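First to last, the protein sequences are chains A and B. Counting in numbering that gives the first Met the number 0, the first sequence runs from 0 upward without gaps. Counting in numbering that gives the first Met the number 0, the second sequence runs from 0 upward without gaps. From the three backbone atoms N, C-alpha and C, an ideal C-beta is built for every residue, glycine too. Quick caveat, the model's predicted, so the values are computed rather than measured.
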Amino acid sequence: MRSPESPVLTIDGLIKDVGPLASLDGKMLRVVSGLSLVAERGQVTALLGANGAGKTTTLECAQGVQKRTGGSISLLGADPDSAGAELRSRVGVMLQDGGLPPSARPIPLLRHVAGMYQRPMDVDALVDRLGISQFSKTSVRRLSGGQKQRLALAAALVGNPEILFLDEPSAGLDPQSRQMVFDLIAELRDAGMGIVLTTHLMDDAERLADYVYIIDGGHNVAEGTVAELLQHDHSADTGVTDRTLYFDAVAGLDFSTVLRAGLEVAESRPGSYSLKGVLTPTDLATLMASLAERNIMPASLRLEARSLEDVFLDISGRDLR
Amino acid sequence: MSKLLSPNAGPASLLRRILQQGRYETVTMLRNGEQLILAIVLPLMALVGLAVTPLLDGLGASRVDIATPGILALCAMSTAFTGQGIATGFDRRYGVLRFLSTTPLGRGGLIAGKILAVLAVLFLQVVIVGSVAGMLGWHPRLDGWLPGMCVLVLGAAAFTALGLLVAGTVRPEATLAITNLLWILLGALGGIVVPAERLPPLTQDIVHFLPSGALGLALRDSFLSGAAPLSAVLTLLLWTVLAGAAAIRWFKWN
Chain A
0 MRSPESPVLT IDGLIKDVGP LASLDGKMLR VVSGLSLVAE RGQVTALLGA
50 NGAGKTTTLE CAQGVQKRTG GSISLLGADP DSAGAELRSR VGVMLQDGGL
100 PPSARPIPLL RHVAGMYQRP MDVDALVDRL GISQFSKTSV RRLSGGQKQR
150 LALAAALVGN PEILFLDEPS AGLDPQSRQM VFDLIAELRD AGMGIVLTTH
200 LMDDAERLAD YVYIIDGGHN VAEGTVAELL QHDHSADTGV TDRTLYFDAV
250 AGLDFSTVLR AGLEVAESRP GSYSLKGVLT PTDLATLMAS LAERNIMPAS
300 LRLEARSLED VFLDISGRDL R
Chain B
0 MSKLLSPNAG PASLLRRILQ QGRYETVTML RNGEQLILAI VLPLMALVGL
50 AVTPLLDGLG ASRVDIATPG ILALCAMSTA FTGQGIATGF DRRYGVLRFL
100 STTPLGRGGL IAGKILAVLA VLFLQVVIVG SVAGMLGWHP RLDGWLPGMC
150 VLVLGAAAFT ALGLLVAGTV RPEATLAITN LLWILLGALG GIVVPAERLP
200 PLTQDIVHFL PSGALGLALR DSFLSGAAPL SAVLTLLLWT VLAGAAAIRW
250 FKWN
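In structure tokens:
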């Protein structure tokens, strides 16, 4: 899946210490410890991890906003710590908190940022595309979270970057703006831009990412395409995907006698069941037959494949949120 | 191929980036109501106050001739120290400095843009205060303008460096409090508008070493006698270098 072209970003053994911190008796805290990744042109590379895993720090080291403690970073072939205007003009950055002045109005602000580039994007087209015209008269301070997010994305894009950093791009977005932003990201990717984003939302990674790095405790613990990560079964390398069947029926049913070993049924609340394991069509038929024998019609039935969240839980032993 | 995206063509020229940032910051400063009160209204009130009260009588020159250079010095402190310091403090809080430093503007361009904005606003202040003072009977020496404007720019540099030092090291709320408080204290007792000889004896010896006292003295001497005293110029230079070095060393961008 990795392209043969030179990557837009290569991080090798990144280390970042912060502090000294009073809470650690004046010791330094290692927030990134040996993280490595490669991001390619024309791909969305996602850093997936819980809050505090070191995702934002990694991005800021890659952007040259923070100086790294150790390891090497190549951003479009250069060291971000000694980046000049030439390199910065090829890099678009959307910070987690936006970084936009509260008193500014969207369009003058975008024109101002556009003025820093030789040949920026057409601001009007960008404003249209991200639906910014609906709130163009409102100051940044009064924008909703999702509106701010779209404006910050526009400001990151206006210079036609070759690599785009997005720190938690879907934070605060309503479903419509989320779709708008995701469509645009996919379009930019298809146009050859290299996109590196962080997220703690599985759904983001599943919908957007070509390649995912799972980050935990300051380093990468797993990587692959979404499909590769989903197929990986950590209990037994059978290549068969874990699935869960959720169904609602009358409370207090016992299936222990009918199901084969290796499957487990749980009743999360009265009448709500989940059947977990490497399910086969026969397992489903057995379960349905057992219900039919008792003349019970399930109120709902839903089959779900193993999600990225399960993978994350398996690897890191903790929840994302 | 995306309709929006076109090939990257590099940054705008350094000069254009700095001018662009300078213009943007100037407009932002002039749109801020509190900033205008501090930059224009309060200095004009102080000017009129000193022109109609006998506070500056008996110092050899007319009230307005002594008052106006000090008011210009006060303007430099308003804009470069208090106004610019507060704006930078809040820009830091909201991540604006971080974001702009990732664009081709960079950190150097950001500082250069701020200095340009301070100079542009200061120019407007000189025009307005000078005009009002002229109506009140200000007669500056013609040969005082060149040294006067030079020390005013030097004073603005010293106060910009001090403002950035405060803004870059403490929370924006603290910056707001510190720069406003110092504006009042230095404005009243720092030898900026009221010459040292009219201050309490205890403060007389100190004010010449303060940037406010040095700038006030240098401007008054320039417009009253045509030259700024070397000691005051050196004091301002020293403050600029020390505060500038401290700001470079301790300014936190995040």
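Discussion item. Considering just the uninterrupted stretch of the alpha helix (DSSP H) at residue 61(A), what are its terminal residues?
Written reply: As a position in the first sequence, residue 61(A) is number 62, starting the count at 1. Counting along the chain, the alpha helix (DSSP H) containing residue 61(A) begins and ends at 54-62.
Discussion item. Can you check whether the C-beta of residue 7(B) is within less than 7 Å of a C-beta belonging to chain A?
Written reply: Looking up residue 7(B) in the second sequence gives position 8. So, interface residue.
Worksheet item: At least one CB of chain A closer than 7 Å to the CB of residue 4(B): is that the case?
Response: Locating residue 4(B) in the second sequence gives position 5, counting from the first residue. Answer yes: the Cβ-Cβ gap between residue 4(B) and chain A drops below 7 Å somewhere.
Practice prompt. Can you say whether residue 220(B) is buried or exposed, counting buried as having 16 or more other CB atoms within 10 angstroms of its CB?
Written response: On the second sequence, residue 220(B) is found 221 positions in, with the first residue counted as 1. By the neighbour-count rule (16 or more Cβ atoms within 10 Å), residue 220(B) is buried.
Discussion item. Residues of chain B with CB closer than 8 Å to the CB of residue 120(A), please, in chain order.
Written reply: Indexing the first sequence from 1 puts residue 120(A) at position 121. Within 8 Å Cβ-Cβ: 3, 4, 5.
Item to complete: Whole angstroms is fine: what's the gap from residue 52(B)'s alpha carbon to residue 202(B)'s?
Response: Position 53 of the second sequence, counting from 1, holds the residue named residue 52(B). Position 203 of the second sequence, counting from 1, holds the residue named residue 202(B). If I take the Cα positions, the gap works out to 22 Å.
Fill in: Short Cβ contact (7 Å threshold) for residue 174(B) with residue 85(B)
Residue 174(B) sits at position 175 when you count from the first residue of the second sequence. Residue 85(B) sits at position 86 when you count from the first residue of the second sequence. Contact flag set, yes.
Worksheet item: Cβ of residue 297(A) less than 7 Å from any chain B Cβ?
Response: For the purposes of this step, residue 297(A) is taken as the residue at position 298 of the first sequence. With 7 Å as the cut-off, residue 297(A) does not count as an interface residue toward chain B.
Fill in: CB-CB length for residue 270(A) against residue 249(A), believed under 8 Å
Mapped onto the first sequence, residue 270(A) falls at position 271. Mapped onto the first sequence, residue 249(A) falls at position 250. Between residue 249(A) and residue 270(A) the Cβ distance is about 6 Å, and since that is below 8 Å, they are a contact.
Worksheet entry | 4 or more residues per run - each alpha helix (DSSP H) lying fully within the stretch 198-237 of chain A | 201-207, 225-230
Discussion item. Contact criterion: CB-CB distance below 7 Å. Does residue 116(A) meet it with respect to chain B?
Written reply: The residue labelled residue 116(A) in the question sits at position 117 within the first sequence. Judged by the 7 Å Cβ criterion, residue 116(A) is in contact with chain B.
Fill in: Cut-off 6 Å between Cβ atoms - residues of its own chain near residue 147(A), not counting five sequence neighbours on either side
Residue numbering aside, residue 147(A) sits at position 148 when the first sequence is read from its first letter. Counting only Cβ-Cβ distances below 6 Å, and skipping sequence neighbours, we find 97.
Worksheet entry | Neighbour flag for residue 105(B) against chain A, beta carbons, 7 Å | Sequence index remark: in the second sequence, residue 105(B) carries index 106 (1-based). Yes - at least one Cβ of chain A is within 7 Å of the one on residue 105(B).
Fill in: Whole-angstrom distance between residue 120(A) and residue 70(A), CA atom to CA atom
As a first step, residue 70(A) must be located in the first sequence, where it is residue number 71. As a first step, residue 120(A) must be located in the first sequence, where it is residue number 121. Taking the straight line from one Cα to the other gives about 35 Å.
Worksheet item: In whole angstroms, what is the alpha-carbon distance linking residue 123(B) and residue 25(B)?
Response: Residue numbering aside, residue 123(B) sits at position 124 when the second sequence is read from its first letter. Residue numbering aside, residue 25(B) sits at position 26 when the second sequence is read from its first letter. Those two C-alpha atoms are separated by around 11 Å.
Practice prompt. Return the residue from the list 180(B), 106(B), 209(B) that minimises the CA-CA distance to residue 167(B).
Written response: Locating residue 167(B) in the second sequence gives position 168, counting from the first residue. Here the closest residue by C-alpha is 106(B).
Practice prompt. Kindly identify the DSSP beta-bridge partner or partners of residue 72(A).
Written response: Counting from one through the first sequence, the residue named residue 72(A) turns up at place 73. According to DSSP, residue 72(A) bridges with 10(A).
Worksheet entry | residue 31(A) vs residue 55(A) beta-carbon contact at 7 Å | Working through the first sequence from its first residue, we reach residue 31(A) at position 32. Working through the first sequence from its first residue, we reach residue 55(A) at position 56. No; because the gap between Cβ atoms is not below 7 Å, this pair is not in contact.
Fill in: Proximity winner among 97(B), 149(B), 176(B), 128(B), relative to residue 40(B) (alpha-carbon distances)
Taking the second sequence and counting its residues from 1, the one referred to as residue 40(B) is at position 41. With distances taken between Cα atoms, residue 40(B) lies closest to 128(B).
Discussion item. Quick check on residue 98(A) - is its C-beta less than 7 Å from some C-beta in chain B?
Written reply: Here residue 98(A) refers to the residue found at position 99 when the first sequence is read from its first residue. Closer than 7 Å to some Cβ of chain B, the Cβ of residue 98(A) qualifies, so yes.
Practice prompt. Could you name the residues of the same chain whose beta carbon sits closer than 6 Å to that of residue 139(B), not counting the 5 residues immediately before and after it, in chain order?
Written response: Here residue 139(B) is taken as the residue at index 140 of the second sequence, counted from 1. Hits under 6 Å: 222.
Fill in: Contacts around residue 209(B), its chain only, beta-carbon distance under 6 Å, and the 5 residues preceding and following it disregarded
Translated into positions along the second sequence, residue 209(B) becomes position 210. The answer, listed in chain order, is 189.
Practice prompt. Assuming residue 8(A) and residue 61(A) form a contact by the criterion Cβ under 8 Å, report the distance between their Cβ atoms to the nearest whole angstrom.
Written response: Looking up residue 8(A) in the first sequence gives position 9. Looking up residue 61(A) in the first sequence gives position 62. With 8 Å as the limit, residue 8(A) and residue 61(A) qualify as a contact, their Cβ atoms being about 6 Å apart.
Worksheet entry | Segments of 4+ residues assigned as alpha helix (DSSP H) that fall wholly inside the stretch 21-105 of chain B | 32-35, 41-51, 62-75, 83-92, 95-101
Worksheet entry | Straight-line Cα distance separating residue 315(A) from residue 246(A) | Position 247 of the first sequence, counted from the first residue, corresponds to residue 246(A). Position 316 of the first sequence, counted from the first residue, corresponds to residue 315(A). One C-alpha to the other measures close to 28 Å.
Practice prompt. Taking only beta-carbon positions, decide if residue 98(B) is within less than 7 Å of chain A.
Written response: Residue mapping note: residue 98(B) aligns to position 99 of the second sequence, counting from 1. It does: the Cβ of residue 98(B) has a partner Cβ on chain A nearer than 7 Å.
Item to complete: Leaving aside the five residues before and after residue 26(A) along the sequence, list all residues of the same chain whose C-beta is less than 8 Å from its C-beta, in chain order.
Response: Position 27 of the first sequence, counting from 1, holds the residue named residue 26(A). 18, 19, 20, listed in sequence order.
Worksheet item: Do you know how far the Cα of residue 313(A) is from the Cα of residue 233(A)?
Response: Within the first sequence, the letter at position 234 stands for residue 233(A). Within the first sequence, the letter at position 314 stands for residue 313(A). The pLDDT assigned to residue 233(A) is 48, lower than 50, so where the model puts this residue is not dependable, and the model offers no usable value.
Worksheet item: For residue 134(B), which of helix, strand or coil comes out of DSSP?
Response: Taking the second sequence and counting its residues from 1, one reaches residue 134(B) at position 135. In this structure, residue 134(B) counts as helix in the three-state DSSP scheme.
Worksheet entry | Neighbour flag for residue 30(A) against chain B, beta carbons, 7 Å | On the first sequence, position 31 is the one that residue 30(A) refers to. Answer no: the Cβ-Cβ gap between residue 30(A) and chain B never drops below 7 Å.
Worksheet item: Which residues in the same chain as residue 73(A) place their Cβ atom closer than 6 Å to its Cβ, once the five residues preceding and following it in sequence are excluded?
Response: To locate residue 73(A), count along the first sequence from 1; it is residue 74. 9, listed in sequence order.
Fill in: Residues, ordered as in the chain, of the stretch 45-62 of chain A that lie near chain B by beta-carbon distance below 7 Å
62
Worksheet item: Exposed or buried, what is residue 322(A) when buried is set at 16 or more other beta-carbons lying within 10 Å of its beta-carbon?
Response: Any property of residue 322(A) remains undetermined from this structure, which presents chain A solely from 0 to 320.
Worksheet item: How about the stretch 166-182 of chain A and the stretch 191-211 of chain A: do they share at least three Cβ pairs that are nearer than 8 Å?
Response: yes
Worksheet item: Any idea what DSSP makes of residue 20(A), helix, strand or coil?
Response: By one-based count along the first sequence, residue 20(A) stands at place 21. Residue 20(A): strand per DSSP, three-state reduction.
Discussion item. Can you pull the chain B neighbours of residue 161(A), defined as C-beta to C-beta under 7 Å?
Written reply: Numbered from 1 along the first sequence, position 162 holds the residue referred to as residue 161(A). Chain B residues near residue 161(A): 7.
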